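Q: Those protein sequences? They're chains A and B, same order as listed. Counting from 999, one number per residue, gives the positions in the first sequence under our numbering. Counting from 2, one number per residue, gives the positions in the second sequence under our numbering. Think of the CB as a built atom: it goes at the ideal place given N, C-alpha and C, for glycine as much as any other residue. Note that the structure is a prediction, hence the values are computed from the model and not measured.
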Amino acid sequence: MESVKENPMEQSPPEQGPTERRARDQASKAAAIFLWVVVIAALGYGVVRTAIQAAALFTG
Amino acid sequence: MLSFLDRDKSVAPPGCSRWFIPPAALAVHLSIGQVYAFSVFKTPLVERFDTTLTAIGVVFSISIVMLGLSAAFGGKWVERNGPRKAMFVSGLCWGAGFLVGALGVATGQLWLLYLGYGVLGGIGLGIGYISPVSTLIKWFPDRPGMATGMAIMGFGGGALIASPLSAALLERFGDTPADAIVPAFLVLGAVYLTAMMLGAMTVKVPPPGWRPDGWEPPAAAAGAPTTDPATEGVSVEKAFRTRQFWLLWIVLFCNVTAGIGILEQAAPMVQDFFTGVGPAEAAGYVGFLSLCNMLGRFVWSSTSDVLGRKRTYIGYLGIGGLLYLLVAVAGTNSVVLFVAVTGVILSFYGGGFATIPAYLKDLFGSFNVGAIHGRLLTAWSCAGIAGPLIVNVIADRQLAAGHSGADLYTFSLYLIVVVMVIGFAANALVRPLPKTAPAIGEASDPEAAPAPGAGAPARERV
């Protein structure tokens, strides 16, 4: 434990309080929801563009 | 400094919804799925380097070979270090691949493109392919087919996004597409790096002992003895030595060989079958097949949770084989029939990719499923050579013999039917691992040793 104290880079982070933990969980949830929106929008873009291209098969 | 990437730092807090995990997996698979859209860059790269299509085609081949190798040899590392570190490394490799590739293009050094997009990018592909799959399997033990379908659908969807996006970037950034490759690579690299890092930051592993509300592992629910390897979990080394692993290797090889043969030749094939189909309609046909491929990954893999994995592969290989036969016998009769039948075939091709990790989980448990899946993907690499070879070599020979049109492909299609029959037989021979086999149990493996008083190892009971 002494060596850990001597080197601040190796010290364990202090125990997080409930408020900090809740804030971190909220941030993580917000990031996950943001990522859901991003991946659905990206997939939608790809599917619509490809569907337009594929329509040439039936309309051409 | 990077300890936040460690497996124990990515354990989900109590109350974390498992539905927050799929976007992280999709962010990675949608990014690495770009590799299927590499063909957009082929003509501009040929012009830029003033070389042949074959020399540029090598870039794609290297990246796919590296995908197989890194998935096969890196799977164990991925399982040990957890998905966050794996996705982080994958994102760095994939992003750096574009950066080094752009440097190669800017300086006219083709070998740098091979090293960047091919080797570095390929390592990113392999690590990025397996880590989200095994993570989702652990979060969705009650619906593993749907979970793997969701992730692997992203790989198919990645090409759908990257293809129009890359074309738009090449048009916007230079007077000619060849001039726009460097900025396009840099933008794509930055976008994919950001998306994959977001995925790495938000991915979590379930805490030890976690399981979905109201769900019991099948063996435990039935009160069965807990020596079932599918519950205990089998290590990758032991799985590699089982007959079941190699039967599934043959199943995946046959399913992919058949599908990739059609996919690779789709545009010329539809034009050879029907003289009224021009290049624009052929491009539309390729787009249609890509949509079927992507949707099949999610729909059929999710269906396998209800039907069972073995029955689902009976469908892929049995019905698929009959559909290939229908194309060979009556494919020229109607363009609608041809398009519809090959669309279903390609949906089975995608479904085969997406369902295989869930099949592995059913047989070997989720303990080392990522590493086992990685080794099984060598079947994909082999099929990537065999499928196009069957179709192209036979078509060339038929052409040399004076044949034309659909006749170029008839023999290939019959040969693919034989391949499907072999896959069907291999699937029929798959049996669950014996429950009491002493060589299979993982009791000697401290990581997999059952927790005191528990039937299954803690990491397995998710």
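S291 of chain B: which of A:F1056, A:G1044, A:I1038 sits nearest, CA to CA?
A: A:G1044
Q: Thinking C-alpha only, which one of B:L414, B:K362, B:S382, B:I373 is nearest N393 of chain B?
A: B:L414
Q: Which whole-angstrom value is the C-beta distance of V235 of chain B and F365 of chain B, which I expect to be below 8 Å?
A: 4 Å
Q: So, is F1056 of chain A buried or exposed, given that buried needs 16 or more other C-beta atoms within 10 angstroms?
A: exposed
Q: With a threshold of 8 Å, are at least 3 pairs of Cβ atoms found where one atom belongs to the stretch 89-106 of chain B and the other to the stretch 392-406 of chain B?
A: no
Q: Which of the residues in the stretch 1013-1046 of chain A, read from start to end, lie with their CB under 9 Å from any CB of chain B?
A: Against chain B - using a Cβ distance shorter than 9 Å - the residues of the stretch 1013-1046 of chain A are R1019, R1022, D1023, S1026, K1027, A1029, A1030, I1031, F1032, L1033, W1034, V1035, V1036, V1037, I1038, A1040, L1041, Y1043, G1044, V1045.
Q: Could you tell me which chain A residues have their CB closer than 8 Å to the CB of G150 of chain B, listed as they occur along the chain?
A: Residues of chain A passing the Cβ test: none, with the nearest at roughly 14 Å.
Q: Within this structure, are the beta carbons of V475 of chain B and L114 of chain B separated by less than 8 Å?
A: A query on residue 475 of chain B cannot be resolved here, the shown segment of chain B reaching from 2 to 463 and no further.
Q: Three-state secondary structure (DSSP) at V337 of chain B?
A: Here V337 of chain B sits in helix by DSSP.
Q: Compute the beta-carbon to beta-carbon distance between D306 of chain B and G146 of chain B, rounded to the nearest angstrom, for a pair I have assumed lies under 8 Å.
A: The beta carbons of D306 of chain B and G146 of chain B sit about 4 Å from each other, so the pair counts as a contact at 8 Å.
Q: Quick check: what's the CA-CA separation for G34 of chain B versus K436 of chain B?
A: 38 Å
Q: Can you check which of these residues, B:S135, B:Y410, B:M88, is closest to V271 of chain B by C-alpha distance?
A: B:Y410
Q: Is V12 of chain B helix, strand or coil by DSSP?
A: strand
Q: Does the Cβ-Cβ distance between V370 of chain B and I138 of chain B come in under 8 Å?
A: yes
Q: Starting from the beta carbon of F289 of chain B, find every residue of chain A whose beta carbon is closer than 7 Å, and list them in chain order.
A: A1052, L1055
Q: Using a Cβ cut-off of 9 Å, pull out every chain A residue sitting near L189 of chain B, in sequence order please.
A: Going along chain A, no residue has its Cβ under 9 Å from L189 of chain B, so there is no contact; the nearest lies around 13 Å.
Q: Mapping DSSP to helix, strand and coil, what is V188 of chain B?
A: helix
Q: Helix or strand or just coil, what does DSSP make of V235 of chain B?
A: coil
Q: With H, G and I counted as helix, E and B as strand and the rest as coil, what does DSSP make of V431 of chain B?
A: V431 of chain B falls in the coil class under three-state DSSP.
Q: Any idea if R173 of chain B is buried or exposed, counting beta-carbon neighbours within 10 angstroms, 16 or more meaning buried?
A: exposed
Q: Please identify the residue among B:G375, B:L390, B:V345, B:V419 whose C-alpha is closest to the C-alpha of A72 of chain B.
A: B:G375
Q: For A185 of chain B, would you say it is in contact with chain A, using Cβ-to-Cβ distances shorter than 8 Å as the test?
A: no
Q: If you compare alpha carbons, which of B:A267, B:D180, B:F156, B:I261 is closest to R49 of chain B?
A: B:D180
Q: Check this for me: beta carbons of P84 of chain B and S40 of chain B, under 8 Å apart or not?
A: no
Q: Between G129 of chain B and chain A, is any beta-carbon pair separated by less than 8 Å?
A: no
Q: Measure from the alpha carbon of V1035 of chain A to the alpha carbon of each residue in B:T108, B:L199, B:G16, then state which is nearest.
A: When each option's Cα is compared against that of V1035 of chain A, the closest is B:L199.
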